[in-house]
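Heads up: the sequence shown is residues -20 to -1, 1 to 135, going by mature numbering (1 follows the signal peptide of the UniProt record, and there is no 0). Just so you know, even glycine gets a beta-carbon here, dropped at the ideal spot from N, CA and C. This structure is a prediction, so every number in the text was calculated from the model and none was measured. Read through the structure below, which is laid out as structure tokens, and then see the notes.
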Amino acid sequence: MKAKLTLIAALILVPLLGMSQTIDDEITLIQSEFGMEKRALVEQYMELSDTDAQAFWPVFQKYEDERRAITRERLKLINDYLEKFESISETELDAMVKRRLKVDASMTKLHSKYYSQFKKATSTTIAAKFLQLDDYIQTTLFLALLDGLPFLGEK
């Protein structure tokens, strides 16, 4: 499963990042392409009964809608960093760090909110299993993006 996720991240993110004219186009492409793949991965990994699946998927769709908005902010932040990292001022850097912390807090809040909803709709085990998988997917994708980012001070 882990190798499959890493491969999907590489196959989706690397070619798409250079295809679009704007960051919004890139984000939309990444999210639509990965969204289809993600559902298939979740279906395969979760192995839900028909009853659990009927309760799970509507909550999943709501979660994904909210998660996409947070991910969009994260990708915009990365794009802003790439545009400015060579000559970023202290003030701009401080604002970016604060944006990053806000995005991270939003994701934590989202996980907390939807853990409760998944648990109520299905079970504690299914809710925890989904959040574990989603964390892994998000971390894998984020690391794939970060791998290409320069550190401050690099040229």
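Taking the beta carbon of L21 as the centre, do at least 16 other beta carbons fall within 10 Å, making it buried, or is it exposed? Indexing the sequence shown from 1 puts residue 21 at position 41. That one is buried.
How would you write the range of the alpha helix (DSSP H) that residue 136 sits in, first residue to last? No answer is possible for residue 136: the residues shown for the chain start at -20 and end at 135.
Closest by C-alpha distance to K82, when choosing among A108, S29, A49 and S96: In the sequence shown, residue 82 corresponds to position 102, counting from 1. Among A108, S29, A49 and S96, the Cα nearest to that of K82 belongs to A49.
In terms of residue numbering, what span does the alpha helix (DSSP H) encompassing L90 cover? Residue numbering aside, residue 90 sits at position 110 when the sequence shown is read from its first letter. Taken as a continuous stretch (DSSP letters only), the alpha helix (DSSP H) holding L90 covers E70 to A101.
Alpha-carbon to alpha-carbon, L125 and T104: Residue 104 sits at position 124 when you count from the first residue of the sequence shown. Residue 125 sits at position 145 when you count from the first residue of the sequence shown. The straight-line gap from Cα to Cα measures roughly 31 Å.
Beta-carbon within less than 6 Å of V39's beta-carbon, same chain only, minus the 5 sequence neighbours each way: which residues are those? Residue 39 sits at position 59 when you count from the first residue of the sequence shown. Cβ neighbours of V39 beyond the five flanking positions: Q97, F98 and A101.
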